[in-house]
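Here's the structure, in structure tokens; my notes come after.
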Amino acid sequence: MNRLPLNFYQHDVLEIAPELLGRVLVRKTDNQLYRYKITEVEAYRGEEDLACHASKGRTMRTEIMYHNGGVLYIYLIYGMYWMLNVVTGLNNNPQAVLIRGIEGINGPGRVTKALNIDKSFYGENLFFSNRIWIEKNEGNSCYYTTPRIGINYAGEIWKNKPWRFVLDNI
DNA sequence: AGCAAGATCGGT
DNA sequence: CCGATCTTGCTG
């Protein structure tokens, strides 16, 4: 078993987000096994982060972000794109990492389209699932950071946080 | 019950 | 730059 253990995810999202870069996202369907390196992520951190959905408080949608890390937070945006997020941190500490890009596929909407991920993955456990997980991978991940994409509504403080992490191919 | 907006993308 | 498309959370 080469999967990342659950306690890997149960630390602060700002620590985990860059750690996910270069790891292998595996998706298994009846007739396919997809393996992609994670190349781009964003961190969403706590109720005070106005860009994080948890800033609206604990609702049916954000419920899973309040759980222990290692499960998936999935939601639909703009009526057509599923967003794939990995919940991190501990109970009652809502945070998640948005997977924005994998090898050869850029854009969070394209990631879920390529891997056939939808609402049915909400709450999926990355250690116990038989259809999606993340594997360990040796590797120094060089990366750079930028502000997060598409969150201009979040106000000066939060929209400028350098919480987008992009793998650097040197 | 109704409405505005959104962690996007592809086509003009 | 604009339209597609629908869930969510807020307002009344």
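All the letters of the first sequence, read from the start, carry residue numbers 4 to 173 under our numbering.
Just so you know, even glycine gets a beta-carbon here, dropped at the ideal spot from N, CA and C.
These numbers come from a predicted model, not from an experiment.
Counting only residues of its own chain and dropping the five nearest sequence neighbours on each side, F11 has no CB closer than 7 Å to any other CB. Going by C-alpha positions, L129 is about 11 Å away from T91.
Beta-carbon to beta-carbon, V29 and E138 are separated by about 6 Å, close enough to satisfy the 8 Å threshold. M86 is bridged by DSSP to Y78.
Under the 8 Å Cβ criterion, the region 94 to 108 counts as touching the region 28 to 48, having at least three qualifying pairs.
R167 sits away from T32, with the two beta carbons spaced by 8 Å or more. Listed in chain order, the beta strand (DSSP E) elements of length 3 or more contained wholly in the region 11 to 57 are 27 to 31 and 36 to 48.
The residue among T115, S132, N140 and V169 with its C-alpha nearest the C-alpha of R151 is V169.
Residue range Y146 to T149 is occupied by the beta strand (DSSP E) that includes T148. Counting along the chain, R167 sits inside the beta strand (DSSP E) bounded by residues R167 to L170.
Excluding five sequence positions before and after Y39, the CB atoms of its chain that fall closer than 6 Å to its own CB belong to L28, I105 and E106, given in chain order. Nearest C-alpha to T62 among L24, P97 and A117: P97. A contact between stretches requires three or more CB pairs, one per stretch, nearer than 8 Å, and the region 63 to 77 meets this requirement with the region 120 to 127.
With respect to the 8 Å criterion, I154 and A57 are not classified as neighbours on the basis of their beta carbons.
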